[in-house]
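*Asks:* Protein chains in written order, with the numbering used here: chain S, -14 to 572; chain D, 893 to 1161.
Take this structure, written in structure tokens, and hold onto it; I'll ask about it next.
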């Protein structure tokens, strides 16, 4: 054990009660003081369980069979009480809503310090330190309910830092946040890394910004540590394996790997966007690298309107107008993404669309029904709505009953209900789970069940409310692929609220950007991201990295693409200089 | 009811808001216990009237607490109505009016009023205190009054959790509308509630588990609280309120037991 070692895990194995399979297997890990370590891996690979072992939640608050040793700053977590570890190791959880205990910001920051039994002057000093480090002085008196997701996460980090821990673990701290909040948290983490000698261990899926300031990356899969090393080493040497595992490799790393495969090299594998951007720019300018000219593919022209909003204005009260003069056409077979940061009016727009809210001025027509003249119950007959949290829309005791539920409520005949049940259950692939309780399914399965519950009524329009929140990569991709199938096979129309610009770039056929209740951009994602890159950034909506490269390097000959899939389809797959095996591994 | 409605009254700077939580807690106890001394609606009305200036001076934003107020009024009115029609079988009971076989009696009405007041007065006064006090301060006030830490924080946790449960309930209710659940009428409401109970329970348990872990990760179980972030010192206005509350309670005791007033129904007697 090195003298600098602050976390030392030796031969750790762990299994949860009544689960035969080990959640953690033979974990050996050493982290040094002041390191900033990224813990990444597939869903269910044991990352969160490892974090809980490190801060003592396992075994002190969660049962299971734990073997091996975990030593934190000289203390073996199994033999010291949880509260003794709390001053050594702090933990920030995924959902900011569920971890803030106090009503006011400063009280939350003070909470942990008060728990430790310090004097008032020490408490005040540490609270001031926590608030100052996270730049929260101006909002210290604010009520925590009123904060944005990012501010809440910053409060959680401050409340941990005020306890002056040697180690801070952040378990997926940005998954539930909108892009603005995500950026806020990432920026502050980058600053904290420079300012403090605290050791950071962060579990995160979105590596786009994080990869630039981590010292080390640890990749887990099925309870084991697969790779552990410097990011440039890991992402260069194990790129294909990571790609196959489904790790979200940032676009600029993919681009760098593509160039390496083509035979271009640098002294060190580049890890920052700036490095890759400048490298490509230099290659393009010197004509060492060229991209073929793109053919403009003819765009599909679906003329049938399924919904239209005309001059829609909406306000809950006279003082504050939420939507301003929204004009929007939604056409059959479209996958329309409505994007914008929290509070911009996306959800209000969606509620107006299906008649849950009526416009104060203007009209909404959906499936040939004007929402002002029709009852919500009649409008929603042709609409499927998949909620952000599937658990809010599941009410029955078996998967079968759940799928039948909506049709039964609407008085359909038993034979029609059974026929529709079979179709829907097959579409979402839950045939083998039909007698199981909905809440015994995994999160991804519950999401698919939620989709099945609305598929039974053959909806013409399907609405997805923030499908990316709280979802891992695999579940999200399977949900959105299912939506693509529904568009192709059933000619369904999908309207999706999201703030994940990569999802928009990959799946949407049209994007509408909302800001302060107004439509500020509209069109094909490829065009919108390319032509409005700077404006999107000013709205704190970050298009995929590849579209940043596209916008900044188009004059040098970089292709006009908005997402990695398009780049793969148009460039990599058609690259005659690249071996077939390399092509398969990169895309 | 949005999460922010629960704390909409916290940020006003009236003297009620500025009171130390211990003075407020004593005030609540005063208004909980005193109505129990009297059986006469007249005296209970006086107690309610004494509480009204405190209500008014707290400048409470009514819209945000309307659902709570409504529930209390419904509870109190139900007590009055149920009691009015209850068959007391007392010889001196006068029938005021009848609806079919149900007879409203004067004794029933006055008993109902007593019960209604005993529900409404403590609830109204508790609302004014809870809506104007930061729950963390209230919990710390309880701890200063030697209430065990676990109980004080259970109280704080419950208050913190209310808005989350309400939000969850709103989402579930929207999902029910979209899935065609009939929520009309008493039967529909009951059905809707039955369907919501399980998902609500599961979601709330999940969230409370995370909150529990977050709190434990900050060393809550050390139970080492000695001093607090806030200055929790009683000031002159707190002493005034404490003294007035004691005088109010002592006065009530004197009226009830010293003068022997308010034990019976002055209207009927």
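Beta carbons are placed, not taken as given, at the ideal position from N, Cα and C, and that holds for glycine.
1. Work out the CA separation of residue 252/S and residue 312/S for me, nearest whole Å.
2. Compute the Euclidean distance between the alpha carbons of residue 395/S and residue 360/S, then round it to the nearest angstrom.
3. Strictly under 8 angstroms for the Cβ-Cβ distance: is residue 1112/D near chain S by that measure?
4. So is residue 1035/D in contact with chain S if we call contact Cβ pairs under 8 angstroms?
5. Compare the Cα-Cα distances from residue 971/D to each of 984/D, 946/D, 1000/D, 986/D and report the closest residue.
6. Under 8 angstroms between beta-carbons, which chain D residues line up against residue 105/S? List them in chain order, please.
7. Taking C-alpha atoms, which residue in 390/S, 142/S, 47/S lies nearest to residue 91/S?
8. Are there three or more Cβ pairs, one per stretch, closer than 8 angstroms when the segment 1079 to 1087 of chain D is compared with the segment 926 to 935 of chain D?
9. Answer with yes or no whether the minimum CB distance from residue 1046/D to chain S is below 8 angstroms.
10. Taking the straight line between their C-alpha atoms, what separation do you get for residue 559/S and residue 276/S?
11. Examine chain D for any beta-carbon lying closer than 8 angstroms to the beta-carbon of residue 68/S, and answer yes or no.
12. According to DSSP, which residues form a beta bridge with residue 495/S?
13. Using a Cβ-Cβ cut-off of less than 9 angstroms, list which residues of the segment 74 to 96 of chain S approach chain D; keep chain order.
14. Does any residue of chain S have a CB that is nearer than 8 angstroms to the CB of residue 1020/D?
15. What first and last residue would you give for the beta strand (DSSP E) that runs through residue 185/S?
16. With 16 as the cutoff for other CB atoms within 10 Å, does residue 243/S come out buried or exposed?
17. Nearest by alpha-carbon distance to residue 944/D: which of 977/D, 991/D, 1021/D, 900/D is it?
18. Could you please give the first and the last residue of the uninterrupted alpha helix (DSSP H) stretch that includes residue 238/S?
19. Quick check on the DSSP output: what are the complete beta strand (DSSP E) runs of length 3 or more inside the segment 387 to 466 of chain S, in order along the chain?
20. Measure the beta-carbon distance from residue 344/S to residue 337/S and round it to whole angstroms, keeping in mind my assumption that it falls under 8 angstroms.
21. At which residue ranges does the segment 129 to 201 of chain S contain complete beta strand (DSSP E) runs of 3 or more residues, listed in the order of the chain?
22. From the beta carbon of residue 912/D, is the nearest beta carbon of chain S less than 8 angstroms away?
23. Report the residue from 1045/D, 996/D, 950/D whose alpha carbon sits nearest the alpha carbon of residue 904/D.
24. Count the other CB atoms within 10 Å of the CB of residue 50/S; is the residue buried (16 or more) or exposed (fewer)?
25. Please classify residue 292/S: does DSSP put it in a helix, a strand, or coil?
26. Kindly identify the DSSP beta-bridge partner or partners of residue 557/S.
27. According to DSSP, is residue 30/S part of a helix, a strand, or is it coil?
28. Smallest Cα separation from residue 1049/D: which of 156/S, 83/S, 187/S?
29. Report the residue from 965/D, 974/D, 915/D whose alpha carbon sits nearest the alpha carbon of residue 1025/D.
30. Over the uninterrupted beta strand (DSSP E) stretch that includes residue 349/S, give me the two end residues.
31. Are the beta-carbon atoms belonging to residue 460/S and residue 429/S less than 8 angstroms from one another?
32. Is it the case that the Cβ atoms of residue 25/S and residue 307/S are separated by a distance below 8 angstroms?
33. What does residue 310/S reach in chain D if we use C-beta pairs closer than 8 angstroms?
34. For residue 500/S, list the residues DSSP reports as bridge partners.
35. Can the beta-carbon of residue 412/S be found less than 8 angstroms from the beta-carbon of residue 440/S?
36. Between residue 508/S and chain D, is any beta-carbon pair separated by less than 8 angstroms?
*Replies:* So, to answer that:
1. Position 327 of the first chain, counted from the start, is the residue given in the question as residue 312/S. Position 267 of the first chain, counted from the start, is the residue given in the question as residue 252/S. Between the C-alpha atoms of residue 312/S and residue 252/S there is a straight-line separation of about 53 angstroms.
2. Here residue 395/S is taken as the residue at index 410 of the first chain, counted from 1. Here residue 360/S is taken as the residue at index 375 of the first chain, counted from 1. Those two C-alpha atoms are separated by around 14 angstroms.
3. Here residue 1112/D corresponds to residue number 220 of the second chain, with the count starting at 1. Judged by the 8 angstroms Cβ criterion, residue 1112/D is in contact with chain S.
4. Within the second chain, residue 1035/D is the residue found at index 143, counting from 1. Not an interface residue.
5. Locating residue 971/D in the second chain gives position 79, where the first residue counts as 1. The option with the nearest alpha carbon to residue 971/D is 1000/D.
6. Working through the first chain from its first residue, we reach residue 105/S at position 120. In chain order: 1119, 1120, 1121, 1123.
7. For the purposes of this step, residue 91/S is identified with residue 106 of the first chain, where counting begins at 1. Minimum Cα distance to residue 91/S is reached at 142/S.
8. no
9. Residue numbering aside, residue 1046/D sits at position 154 when the second chain is read from its first letter. It does not; no Cβ of chain S falls within 8 angstroms.
10. Stepping through the first chain from its first residue, residue 559/S is reached at position 574. Stepping through the first chain from its first residue, residue 276/S is reached at position 291. Using only the alpha carbons, I get a separation of about 10 angstroms.
11. Translated into the one-based positions of the first chain, residue 68/S becomes position 83. Residue 68/S counts as touching chain D.
12. Counting from 1 along the first chain, the entry for residue 495/S is found at position 510. Note: residue 495/S sits in a beta bridge opposite 321/S.
13. 74, 75, 76, 77, 78, 79, 80, 82, 83, 84, 85, 86, 87, 88, 89, 91, 92, 93, 94, 95, 96
14. Here the question's residue 1020/D lines up with position 128 in the second chain. No, residue 1020/D lies away from the interface with chain S (no Cβ there is under 8 angstroms from its Cβ).
15. Taking the first residue of the first chain as position 1, residue 185/S is located at position 200. Looking at the DSSP string, the run of the beta strand (DSSP E) that includes residue 185/S is 184 to 188.
16. Within the first chain, numbered from 1, the residue matching residue 243/S stands at position 258. Flag for residue 243/S reads buried.
17. Stepping through the second chain from its first residue, residue 944/D is reached at position 52. For residue 944/D, the nearest C-alpha among the options comes from 1021/D.
18. What you label residue 238/S is simply residue 253 of the first chain in a count that begins at 1. First-last of the alpha helix (DSSP H) with residue 238/S: 236 to 246.
19. Secondary structure within the segment 387 to 466 of chain S: the beta strand (DSSP E) runs of 3 or more consecutive residues, fully enclosed, are 446 to 450 (chain order).
20. Locating residue 344/S in the first chain gives position 359, where the first residue counts as 1. Locating residue 337/S in the first chain gives position 352, where the first residue counts as 1. So it is a contact: roughly 6 angstroms between Cβ atoms.
21. 152 to 156, 184 to 188
22. Stepping through the second chain from its first residue, residue 912/D is reached at position 20. It does not; no Cβ of chain S falls within 8 angstroms.
23. Your numbering for residue 904/D matches position 12 in the second chain. Nearest in C-alpha terms to residue 904/D, of all of 1045/D, 996/D, 950/D, is 950/D.
24. For this step, residue 50/S is matched to residue 65 along the first chain. By the 10 Å Cβ count, residue 50/S comes out exposed.
25. Along the first chain, read from residue 1 onward, the residue named residue 292/S stands at position 307. Strand, per DSSP.
26. For the purposes of this step, residue 557/S is taken as residue 572 along the first chain, with counting starting at 1. In the DSSP output, where bridge partners are listed per residue, residue 557/S has none listed.
27. The residue you call residue 30/S lines up with position 45 of the first chain. Note: residue 30/S maps to coil in three-state DSSP.
28. Counted from its first residue, the second chain places residue 1049/D at position 157. Nearest option by C-alpha distance: 83/S.
29. Sequence index remark: in the second chain, residue 1025/D carries index 133 (1-based). Checked all of 965/D, 974/D, 915/D; the closest Cα to residue 1025/D is 915/D.
30. Position 364 of the first chain, counting from 1, holds the residue named residue 349/S. Its beta strand (DSSP E) spans residues 346 to 351.
31. Counted from its first residue, the first chain places residue 460/S at position 475. Counted from its first residue, the first chain places residue 429/S at position 444. Taking 8 angstroms as the Cβ cut-off, residue 460/S and residue 429/S qualify as a contacting pair.
32. Against the first chain, residue 25/S aligns to sequence position 40. Against the first chain, residue 307/S aligns to sequence position 322. No; because the gap between Cβ atoms is not below 8 angstroms, this pair is not in contact.
33. Position 325 of the first chain, counted from the first residue, corresponds to residue 310/S. In chain D, no part has a C-beta under 8 angstroms from the C-beta of residue 310/S; the shortest such distance is about 26 angstroms.
34. Position 515 of the first chain, counted from the first residue, corresponds to residue 500/S. Answer is 503/S.
35. Translated into positions along the first chain, residue 412/S becomes position 427. Translated into positions along the first chain, residue 440/S becomes position 455. Result yes, Cβ atoms of residue 412/S and residue 440/S sit closer than 8 angstroms.
36. Numbered from 1 along the first chain, position 523 holds the residue referred to as residue 508/S. No, residue 508/S does not count as interfacial toward chain D.
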